[in-house]
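Quick note, the working numbering runs 2 ahead of the 1-based positions in the sequence shown.
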Amino acid sequence: MSRIGRLPIDIPAGVTITVDGQDVAVKGPKGELSLTVARPIEVKVEEGQVVVTRPDDERSSRSLHGLTRTLINNNIIGVTQGYTKGLEVVGTGYRVAQKGSSVEFALGFSHPVLVDPPAGITFTVEGNNKLTVSGIDKQAVGEAAANIRKIRKPEPYKGKGVRYAGEVVRRKAGKAGK
């Protein structure tokens, strides 16, 4: 039995979960998220807890069991607390500025790069080199942060670029002098 999949999920106060066949909808104070569960997996709400079960021990059922439980748990955390991902802009002349709901990056290109937030995501700029991506959907927050980082990844020689908060960039030695 899956160690993660068999754990019941406690439903916090203020959160309602509705299961309609394979569709699971989670509604909380920050918003509403929905998830379509893969076919053999079953989800039930019992006594203030969500229980995820699988009908058999086939490989596909086992692999989906823990995944489904984790996705439902992520949705519950998202509608109660939300998710945030921090980004840092490192480099001389590199900076980020808020322009309405979108952000503008100066990353050493000949032009500024303007990034609009996807639906359900908000950008917050602190200072001129820190950016916080926040929202209720964990996957959307991570994907938005990854797309921003992709604009200028941290390079290994000087470490310049956009990196996650707390990310350690492995540095390389430059050319050896004579």
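All residues carry an ideal CB built from backbone N, CA and C; glycine is no exception.
Predicted, not measured: the structure shown is a model, and the values here were computed from it.
Of all the options the options, which has the alpha carbon lying nearest to the alpha carbon of residue i?
i: G84; options: T134, V52 and Y159; result: T134
i: G110; options: T20, E157 and G30; result: E157
i: D58; options: P14, R41 and K46; result: R41
i: V19; options: E49, Q100, N131 and A99; result: Note that residue 19 is Ile in the sequence shown, not Val. Answer by Cα proximity: E49.
i: S103; options: S112, G93 and P120; result: P120
i: E128; options: V105, I79 and G33; result: V105
i: G23; options: S4, S36 and K32; result: S36
i: V115; options: Q141, V143, R154 and L9; result: R154
i: K140; options: H67, V52, E60 and I74; result: I74
i: I79; options: G33, R61 and Q100; result: G33
What does a CB cutoff of less than 7 Å around residue i pick up in its chain, not counting 5 residues either side in sequence?
i: K174; result: P158 and Y159
i: G30; result: G16, V17, V81 and T82
i: G144; result: K87
Which of the three DSSP states is assigned to residue i in this structure?
i: I6; result: coil
i: A148; result: helix
i: A142; result: helix
Give me, in chain order, the residues of the same chain whose beta-carbon lies closer than 6 Å to that of residue i; leave out the 5 immediate sequence neighbours on both sides.
i: V45; result: V21, V26, V39 and V54
Near residue i, which residues of its chain fall below 8 Å by C-beta distance, leaving aside the five closest residues on each side in sequence?
i: S63; result: P42, I43, R56 and P57
May I have a chain-ordered list of the beta strand (DSSP E) segments no shorter than 3 residues that lie completely inside the region 64–123? 85–92, 97–101, 104–108 and 115–117
Cβ contact (3+ pairs, closer than 8 Å) linking the region 83–99 and the region 160–172: yes
Curious, which full-length beta strand (DSSP E) runs of at least 3 residues does the region 36–66 contain? 44–48 and 51–55
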